[in-house]
Amino acid sequence: MASPVPVTPVLVVHGGSGRISPEHHTAAVAGTHAAAVAGQWVLRDAGRCEDAAVAAVRVLEDDPAFNAGRGACMNHDGEFEHDAAIMRSRDLRSGAVAGIRAIRDPVLVARLVMEQTAHCLLVGAGAEALARAHGVGHFGRDEVWTAKAEAAHREVREGRGAADNRADTVGAVALDRDGNLCAAGSTGGILFKLPGRVGDTPLCGSGFYAHPVLGACCTTGVGEAILTHLLAHEALRAAAQHPGGAQRIAQQLCAEISARWSGAAIGLILVRPDGEVAIAHASEHMSWALARGEMTPESGLAYR
Ligand code: ASP
């Protein structure tokens, strides 16, 4: 339901809650900043929250610094399997894809599921067929392969590095002038995952949620820990019970889940219907950006 008075639009993006090696810090912050600028342009033009969230996520999917679209990590077999999702508060419609292979722009297929089907989640070949039928998506290994992903896979394969806590998935939450909210996310999943593994990102209530009274939330980190705790919905519900305390509550939840899950990287962004924001993580780093109204976006790399 649209707000009777114009609301100050808000857009928050994250570039994942994983450890980021020092040489990639600048690129991570620049990437999230660029995504916030792209989303803010949409909102400034009185655009819808879903257009803004998708615009922001598309910037991050195209940026090889992040584990989504181009730059996604490889699974155990050296293949790319992407998960993505979107949800809007106005009618609680959501769309998600899981295990869709080598695609540069999986969030567009998630949006297709939301807008063109009666379903919420399509996997693998079915999601690919829908995308192709609508002429949506840039498919192919060349569209997503990066030297960085190849090197990370080789390191783990050869026993020179661990696959843990390298979560640089992307996500965005947006509140538009009409007071509607949207959450969207995209990921290559976890490095060296088993083929077919699906994490939190495409699971409604775990990796994302958007609701007119609760707000919109997107998560990042070790998907198994996040989906076990239904983090996106849980964070929104808890924040709604503590007006003005969203940041503290979100931080506490991330820390609790991380502690229960052997120090797993956990992070989230959320925006409430009144514009209150939380950017929280229990991990070494999380890159983020925030655009509020007409103000120049803020961005940064949060440390533990
Ligand atoms: N949450 C994602 C997953 O488990 C990974 C990430 O956030 O980077 O698939």
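Note that the working numbering numbers the sequence shown so that position 35 is 23, with each residue one more than the last.
Each residue gets a CB set at the ideal place from its N, CA and C atoms; glycine is no exception.
Between the CA atoms of residue j and residue i - distance to the nearest angstrom
i: A226; j: I237; result: 7 Å
i: A213; j: A150; result: 18 Å
i: V158; j: H13; result: 15 Å
i: A60; j: E11; result: 18 Å
i: V95; j: G187; result: 15 Å
i: D124; j: V97; result: The sequence shown places Val at residue 124, not Asp. V124 and V97: Cα-Cα distance of roughly 7 Å.
i: V185; j: V(-7); result: In the sequence under discussion, the amino acid at residue 185 is Arg, which differs from the Val named in the question. Cα-Cα distance, rounded: 44 Å.
i: W276; j: A23; result: 10 Å
i: A15; j: E131; result: 20 Å
Residues near residue i by beta carbon distance below 8 Å, same chain, minus five either side
i: H230; result: R236, I237
i: G255; result: H2, G4, S5, A155, T207, T208, G209, C242, A268, H269, A270, S271, M274
Secondary structure of residue i, DSSP reduced to three states
i: T20; result: helix
i: I237; result: helix
i: A72; result: strand
i: V293; result: Beyond the ends of the chain as shown, which are -11 and 292, falls residue 293; an answer cannot be given.
i: I178; result: coil
i: S246; result: helix
i: C61; result: coil
i: L191; result: coil
i: C37; result: helix
Residue i, buried or exposed, once every other Cβ within 10 Å from all chains shown has been counted against 16
i: Y197; result: buried
i: M75; result: buried
i: T207; result: buried
i: E282; result: exposed
i: R165; result: buried
i: H70; result: buried
i: A248; result: Here residue 248 turns out to be Arg, not Ala, going by the sequence shown. So R248 counts as exposed.
i: A113; result: exposed
heavy atom of the ligand MN below 7 Å from residue i C-beta
i: V210; result: Among the ligands present in this structure, namely the ligand ASP, the ligand MN is not found.
Closer than 8 Å to chain B by CB, residue i
i: L182; result: You won't find chain B in this structure, because it holds only one protein chain.
Sequence-distant residues of its chain with Cβ nearer than 7 Å to residue i (five each side left out)
i: Q28; result: L(-1), A279, P285
i: M102; result: I74, R81, S82, G83
Cβ shell of residue i (< 6 Å), same chain only, five flanking positions each side left out
i: K181; result: N63
i: A26; result: A43, A44, V47
i: S77; result: N168, L169, A198, H199, P200
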